[in-house]
Amino acid sequence: MKPGPLVALVVVGLGITLAVCVAWARLHDDTPTAAVAEPLVPPATVSPSMAEKLPADEAETMPTYIGDRGIDGPASNASQGGAPAVVPVPSAKAVAALRESMENGDPRTPPLARSTNLREMPSAEELADPGLYQQYEMRQKQQVYASFVTAANRKIGELESLIEQGEAFGIDPEQLAEGQRKLDGLMAQRDQLLEQHPELVEPEAGQE
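Residue numbers (this note's numbering): 10 to 217.
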């Protein structure tokens with residue numbers, strides 16, 4: 010084969026190869042590129058150093074972020090300074106128990122001693138002698154009176170304590186007035202009995 014036709018074939022082959030490369034490049038240029046996801050912008054945060062540069066009114070209301078958790082600014086902690094002391098509030102259960110005690114008495118209080126618990130049977134001599142039997146009856150009454158005075162003094166102390174607690178807890182004034190009426194009535198009965206029987210007056214502490 011002569012050199013002329015061989016050179017022509019080489020030139021034609023190079024032309025075809027170049028055409029294929031150009032077509033391939035155009036094909037890639039026409040293909041849409043994948044959208045690049047924009048990075049998420051985190052919410053604006055204020056560090057402690059940045060908060061110091063803000064005005065006082067903005068720094069107090071702007072929260073400080075550490076990582077992904079926010080910390081309240083100084084405005085939320087304002088109560089740590091000159092806030093008044095918190096007054097303890099009694100529980101509803103304690104107030105209800107106090108009201109019940111004022112209305113119906115404390116269930117833990119022992120009842121007044123009954124005469125049947127103190128009464129002793131008269132002897133045969135007392136049954137046979139009217140004078141001795143009368144003395145026996147007087148003794149029994151004195152024991153009942155003394156038992157009443159002792160129990161009344163204990164109950165009066167409890168009512169006074171309940172009324173004082175009720176005033177401190179803010180119990181309804183009508184209930185306080187009812188408790189005061191019970192206290193006054195019990196004190197009147199005790200004082201009347203002591204006036205009629207002064208021998209029942211209990212000696213004060215330190216006296217015999």
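The beta carbon of each residue, even a glycine, is placed where N, CA and C say it ideally should be.
Predicted model, so just to flag it, every value in this text is computed and none were measured.
With distances taken from CA atoms, which of 167, 157, 173 and 184 is nearest residue 198?
Counting from one through the sequence shown, the residue named residue 198 turns up at place 189. Looking at the Cα atoms, 157 is the closest of the given residues.
Contact defined as beta carbons within less than 8 Å: I believe residue 209 pairs with residue 202. What is the distance between those atoms, to the nearest angstrom?
The count along the sequence shown starts at 1 and reaches residue 209 at position 200. The count along the sequence shown starts at 1 and reaches residue 202 at position 193. Indeed, because the Cβ distance is near 7 Å, the residues count as touching under 8 Å.
Is there contact between the stretch 162-174 and the stretch 182-190, where contact requires at least three CB pairs shorter than 8 Å?
yes
What residue from 129, 155, 160 and 159 has the CA that sits closest to residue 145's CA?
Along the sequence shown, read from residue 1 onward, the residue named residue 145 stands at position 136. When each option's Cα is compared against that of residue 145, the closest is 129.
Just the C-alpha distance for residue 134 and residue 142, rounded to the nearest angstrom, thanks.
In the sequence shown, residue 134 corresponds to position 125, counting from 1. In the sequence shown, residue 142 corresponds to position 133, counting from 1. Roughly 8 Å separates the two Cα atoms.
Contact set for residue 185: own chain, Cβ-Cβ below 8 Å, skip 5 residues either direction:
Residue numbering aside, residue 185 sits at position 176 when the sequence shown is read from its first letter. If we look at residue 185 and ignore the five residues flanking it on each side, its Cβ neighbours are 111, 172, 175 and 176.
Is it buried or exposed, residue 164, if we count other Cβ atoms within 10 angstroms and call 16 or more buried?
Taking the sequence shown and counting its residues from 1, one reaches residue 164 at position 155. Counting Cβ neighbours within 10 Å, residue 164 comes out buried, since at least 16 surround it.
Between the C-alpha atoms of residue 137 and residue 204, what's the straight-line distance to the nearest angstrom?
The residue given as residue 137 occupies position 128 in the sequence shown. The residue given as residue 204 occupies position 195 in the sequence shown. Distance between the alpha carbons of residue 137 and residue 204 is about 33 Å.
Excluding the 5 residues preceding and the 5 following residue 131 in the sequence, name in chain order all residues of the same chain whose CB lies nearer than 7 Å to its CB.
Reading the sequence shown from its first residue, position 122 is the one you call residue 131. Closer than 7 Å at the Cβ level, and outside the excluded window around residue 131, lie 142 and 145.
For a test of the three-state rule: what should DSSP assign to residue 55, helix, strand or coil?
In the sequence shown, the residue the question calls residue 55 occupies position 46. Reliability of the predicted coordinates at residue 55 is poor, the pLDDT of 48 falling under 50, and the value obtained from them is presented with this limitation in mind. Coil, per DSSP.
I'd like the span of the alpha helix (DSSP H) that includes residue 140, first residue to last.
The residue labelled residue 140 in the question sits at position 131 within the sequence shown. Residues 139-178.
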